[in-house]
Every structure is written in C-alpha cells, then in structure tokens.
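Okay, so here's the structure we're looking at.
In the working numbering, the protein residues as written are -2 to 144.
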C-alpha cells in the first residue's frame, strides 16, 4: 500500500504533463511491491516457478501515450513522444514479453485476456497496433510450442 500526504486540492486543476500532488490519485503505474531493489529476489523466484495446474494467465500492457494529460489521470503518461519514440517503447515491451515467455511461470499458457491500458492505447496507429498484436501472438504461440 502506498501512503502519501497531499496538499489541499485546488478548485480548478490544470491539465499537467506529469502526475503531481493535487491530482486525484497519489500513485503511478506500476504499483508493485516488487519494484523495490530489496524485492528483486522474490520476483525472480516467482518467475522461476511453474504455475499451479489450472492457473489462468492475463496480460496487461501499459501504453503511456496521450495527446494531452487529463486532470484526473494518475498513470504515467507522455504527451510529447513521436512515432519513433513510440515504436521504441513497443519494441522494448515486445522484448520484455519474449523474456517473460521463456520463464517457467508462463508455463505454456495462453492468456485469457490481454488488456491495453494506461494512457490512450488508441493513440497508437493502426500499423503499430497490428505489429504489436502479431508479435504478441507469435511470442505466446512460441511459449505454447516449447512445452
């Protein structure tokens, strides 16, 4: 649990590029206790364990790009990135999924859902979304075959 003390909220909130004190929420994605250096060992151990039989898999991919920052948004988002930066982010996300796909915790499972969230996933171009979906399917099919 994250605890923060916020200053009194303004009556009108400007749209900001960064999450600051005064936004409606006090934390950013990702909110994982494993994000702390002292918890890396626990996270690595979890990745190395196969899932219990019947354990379902779901994926969440944070797409942190928006045209503007909404005053109620508490996610990490960027409003100043071009298509090159977005492409770089998507490639890194795909690389990360490939690394996870090689870990026992995936266990050859196909995801029950893939959720794109965060900023505005519809900010991606059609070709970016198609490429992302094709690569994700390829990686997850690969994990299924390697069982």
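For glycine and all other residues, C-beta sits at the position ideal for the given N, C-alpha and C.
In this structure, how does DSSP classify residue 68 when only helix, strand and coil are distinguished?
Residue 68 falls in the coil class under three-state DSSP.
Helix, strand or coil: how does DSSP classify residue 137 here?
DSSP, read as helix, strand or coil, puts residue 137 in helix.
Cα separation between residue 143 and residue 122?
Low per-residue confidence applies at residue 143: pLDDT is 46, beneath 50, and the placement is therefore not dependable, though the value from the model is reported in the following sentence. A direct Cα-to-Cα measurement between residue 143 and residue 122 gives close to 32 Å.
Please list the segments of the beta strand (DSSP E) lying wholly inside the stretch 91 to 133, counting only runs of 3 or more residues, in order along the chain.
Look at the stretch 91 to 133 and you find these whole runs of beta strand (DSSP E), each 3 residues long or longer: 108 to 115.
For residue 135 and residue 55, the rounded distance between their alpha carbons
Rounded to the nearest angstrom, the two C-alpha atoms are 16 Å apart.
Decide if the stretch 45 to 54 is in contact with the stretch 66 to 77; the criterion is three or more beta carbon pairs, one per stretch, under 8 Å apart.
The stretch 45 to 54 is not in contact with the stretch 66 to 77.
Please report how far the alpha carbon of residue 92 lies from the alpha carbon of residue 98, in whole angstroms.
Their backbone Cα atoms lie some 10 Å apart in a straight line.
Going by DSSP, what residue range makes up the beta strand (DSSP E) through residue 55?
Run containing residue 55: 54 to 60, per the beta strand (DSSP E) assignment.
Secondary structure at residue 18, three-state DSSP: helix, strand or coil?
Because the pLDDT of residue 18 is 45, which lies under 50, any placement of that residue in the model is unreliable, and the number read from its coordinates should be weighed accordingly. Strand.
If you compare alpha carbons, which of 58, 137 and 33 is closest to residue 107?
When each option's Cα is compared against that of residue 107, the closest is 137.
With a CB to CB cut of under 8 Å and the five nearest residues on each side skipped, what residues in its chain are close to residue 124?
So the list is empty, once near-sequence residues are dropped.
From 127, 41 and 64, residue whose alpha carbon lies closest to that of residue 116:
Selected option, being the one with the closest Cα: 64.
At the level of alpha carbons, what is the spacing between residue 17 and residue 66?
Only weak support is given to the placement of residue 17: the predicted model assigns it a pLDDT of 49, under 50, and the value that follows is read from those uncertain coordinates. Taking the straight line joining both Cα atoms gives about 12 Å.
Given a cut-off of 9 Å, decide if residue 90 and residue 58 are closer than it, judged by their beta-carbon atoms.
Yes, Cβ-Cβ distance for residue 58 and residue 90 is below 9 Å.
Could you tell me which residues DSSP puts in a beta bridge with residue 75?
Answer is 62, bridged to residue 75.
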